[in-house]
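S.K.: Each residue of the sequence shown is one higher than the one before, starting from 10 at the first, in this note's numbering.
All residues carry an ideal CB built from backbone N, CA and C; glycine is no exception.
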Amino acid sequence: MEESVTIQEFLTYYRQCMRLEPVDENSYSPLVLAYIGDSVYEVIIRTKVINRGSMQVNKMHKQSSELVKAGTQAELIKAIEDMLTQEEHAVFKRGRNAKSATSAKNASVIDYRMATGMEALVGWLFLRQEYNRLVYLISQGLEKLGRMPDPEGDKT
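1) Does the separation of the CB atoms of Ser-117 and Leu-40 fall below 8 angstroms?
2) Does the beta carbon of Leu-151 fall short of 7 angstroms from some heavy atom of the ligand SAH?
3) Where does Ile-119 land, buried or exposed, given buried means 16+ other C-beta within 10 angstroms?
4) Is the stretch 41 to 56 touching the stretch 118 to 138, taking contact as three or more C-beta pairs under 8 angstroms?
5) Is DSSP giving Met-64 helix, strand or coil here?
6) Taking only the alpha-carbon atoms, compute the straight-line gap between Ile-89 and Met-157 and give it to the nearest angstrom.
7) Can you check which of these residues, Phe-101, Ile-86, Leu-76, is closest to Gly-150 by C-alpha distance?
8) Which residue wins for smallest C-alpha separation from Arg-105, given the options Thr-94, Ala-79, Arg-24, Leu-154?
9) DSSP three-state label for Ala-95, please.
10) Do you know offhand how far Ser-63's Cα is from Thr-111's?
11) So, helix, strand or coil for Gln-138, using DSSP?
12) Would you tell me roughly how many angstroms separate the C-alpha atoms of Cys-26 and Phe-19, rounded to the nearest one?
13) Please state the DSSP three-state secondary structure of Ser-48.
14) With 16 other CB atoms within 10 Å as the buried threshold, where does Arg-24 fall?
Put into structure tokens, the structure is as follows:
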């Protein structure tokens, strides 16, 4: 029988397998933090959608896509901004104010920059291994927005 593994054990194992050395998360540029945060945020959102129960894959994709788009990320960071520590807020601002070579495709420039700031914060918290804080902030933001994934899928 397979043994259950905690997220902490998995991440420790992952770091060992990938030979990831401890890093100073503040040494990364805000855009690199956002690059990391983008994928971490997507995994968290997909996990939340899957945990809501079984549904068709296209409904899971639709729900996930809605929650990872820049507009939703901008709303989420606004909803939790008052919950951030000074250090977290500084990381968010660094990401928000970073000059990106890419531009918003399906979002306003303001939403895109806010989303980049949020992703930088997610990447920073991930590198610091503050997983509980990371999931807590995202969950609180989604709850404040009333945007928790619908277990029944999209009814439209």
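M.R.: Concretely, from the data shown:
1) With respect to the 8 angstroms criterion, Ser-117 and Leu-40 are not classified as neighbours on the basis of their beta carbons.
2) Questions concerning the ligand SAH fall outside what the structure shown contains, since it holds no ligand whatsoever.
3) Exposed, by the Cβ-count rule.
4) Contact check between the stretch 41 to 56 and the stretch 118 to 138: three or more CB pairs, one atom from each, fall below 8 angstroms, which counts as touching.
5) Correct three-state label for Met-64: coil.
6) Distance between the alpha carbons of Ile-89 and Met-157: 15 angstroms.
7) Residue Ile-86 is the option with its Cα nearest to Gly-150.
8) Nearest C-alpha to Arg-105: Ala-79.
9) A small correction: the amino acid at residue 95 is Gln; Ala does not occupy that position in the sequence shown. For Gln-95, the three-state secondary structure derived from DSSP is helix.
10) Rounded to the nearest whole angstrom, the CA to CA distance from Ser-63 to Thr-111 is 36 angstroms.
11) The answer is coil: DSSP assigns Gln-138 none of H, G, I, E or B.
12) When rounded, the distance between both Cα atoms is 10 angstroms.
13) For Ser-48, the three-state secondary structure derived from DSSP is helix.
14) Label assigned to Arg-24: exposed.
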